[in-house]
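**Student:**
Shown next as structure tokens:
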């Protein structure tokens, strides 16, 4: 068995690293839970008592990160008027979302970095806006069908990203 100069084996070091990784993961999970709890406690009383639409309850101390209330109502009415609920399964919406993302990518596909950076000053600007609108609508509709609170999900993910990529290491 191979050993380090201090006498430790690779297996022992590997186990120690795995143990450290598990401990780090536990600490990060605890911090995420604590941070989420703190964010939730910072909400104003008015926000806490507004339970008319639980899926849009904000968890950010500065209010809603993403306010989709109006868009959700419009998308619901649009789907209702066309009886599209039968087609709006998570699978179908996810596939439609990926198609719209691909259509956005297609706009930039063969551009240089300089051309891509200038696309909003080109004749393609309106097309970019339309594809981003399609992406947003399918994404929000998918969150509606899955019962996901997009505001909470984004707030939670921001906490995780802050832990994974601390500003002090940028």
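Residue numbers (my numbering): 21 to 190. Where a beta carbon is used, it is the ideal one built from N, C-alpha and C, also for glycine. As the structure is a prediction and not an experimental result, all values here were calculated from the model.
1) Within 10 angstroms of its Cβ, does residue 74 collect 16 or more other Cβ (buried), or is it exposed?
2) How far does the alpha helix (DSSP H) with residue 167 in it reach, from first residue to last?
3) At which residues does the alpha helix (DSSP H) containing residue 96 begin and terminate?
4) In terms of residue numbering, what span does the alpha helix (DSSP H) encompassing residue 189 cover?
5) Between the C-alpha atoms of residue 151 and residue 174, what's the straight-line distance to the nearest angstrom?
6) Would you say residue 163 and residue 88 are within 9 Å of each other, going by their C-beta atoms?
7) What does the Cβ neighbour count give for residue 146, buried or exposed, with the cut at 16 atoms within 10 Å?
8) Would you be able to state if there are at least three C-beta pairs under 8 Å between the stretch 101-115 and the stretch 135-142?
9) CB-CB under 8 Å to residue 123, same chain, minus the five flanking residues each way: which ones, in chain order?
10) With a CB to CB cut of under 8 Å and the five nearest residues on each side skipped, what residues in its chain are close to residue 108?
**Tutor:** Straight from the coordinates:
1) Residue confidence is low: residue 74 scores 42 on pLDDT, short of 50, so the model does not pin down where it sits. Its coordinate-derived value is still stated next. Exposed, because fewer than 16 other Cβ atoms sit within 10 Å of the Cβ of residue 74.
2) Run containing residue 167: none; DSSP gives neither H nor E here.
3) 89-102
4) That residue, residue 189, is in no alpha helix (DSSP H); it is neither H nor E in DSSP.
5) 21 Å
6) yes
7) exposed
8) no
9) 151, 154
10) 99, 161, 165
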